[in-house]
Every structure is written in structure tokens, then in C-alpha cells.
Amino acid sequence: MTYDYKVEPIPKLSGRLLNAKSIGSKSAELLQKVLETEAKADWEFLDVKTIKIPIKKSFFRSAKEITVSLLFFRKLKNPESLKEPYSQDVTIKFPKEKLPSLGPALKK
């Protein structure tokens, strides 16, 4: 099976939050909305990764790193291939093996 992949940044929260409890609940609601929206478009949630991106030093800025969290989704490239009927009547014939004689150990 082959997949298409999609990467989206985790949306930023507005700065109008009052306390840590509301930050947790608001971020959970925001992520739930993103996941539900992508699921309706047949994208399967795969992973969340946090990466650091280095920013080069410029004339007015020093070098620094930005931390970005990303959501990874995947979707089957050809979902019709899953709808093909599977034959239940498959029988596999194995060749008869020639087993070696164990010699006098089994002789009475």
C-alpha cells in the first residue's frame, strides 16, 4: 500500500487566555477540531513531531532556533484497491518433504 502524506503546523493559540487550565483545554479543543477536519477529508492522523529550526545570524539579529510542532497525516493513494474481493478458496499445496531416516534410534 502506498500513501500520500500531509504535514501541518499545530495552530497557534491567541494570547487572550487567562490561566494554565484554560490553555490546556483550549489547545485540546483546537487540536480536536484540526483532527476532525482532516479525518472528514479521509486523512489518517499519523504522528506529532516537534523540531528545532536554526535561524541564521543576520546584521540585526543573532543566531537562534525556533521550535515548531507538526502534525503528520496520511491517506491511501488508491483506496479502490482495498475494495477488491478476496478469494476465500485459496489452497496452498506444499511438496512432500523427504525426511531423513533417524536410523537405529527408532528401530525396536
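Position 90, counted from 1, in the sequence shown is what my numbering calls 94; the numbers after and before it change by one each time, with no gaps.
Cβ coordinates follow ideal geometry from the N, Cα and C atoms, glycine included.
If you're wondering where the values come from, they're calculated on a predicted model, not measured in any experiment.
| Asked | Found |
| --- | --- |
| Could you work out which residue in D51, S73 and F77 is closest to P15 when comparing CA atoms only? | S73 |
| Alpha carbon to alpha carbon, how far is K60 from L35? Give it in angstroms, no decimals. | 31 Å |
| Taking just the CA atoms, how far does I55 sit from E69? | 10 Å |
| Which residues bound the beta strand (DSSP E) around S105? | Note, S105: premise wrong, no beta strand (DSSP E); not H, not E. |
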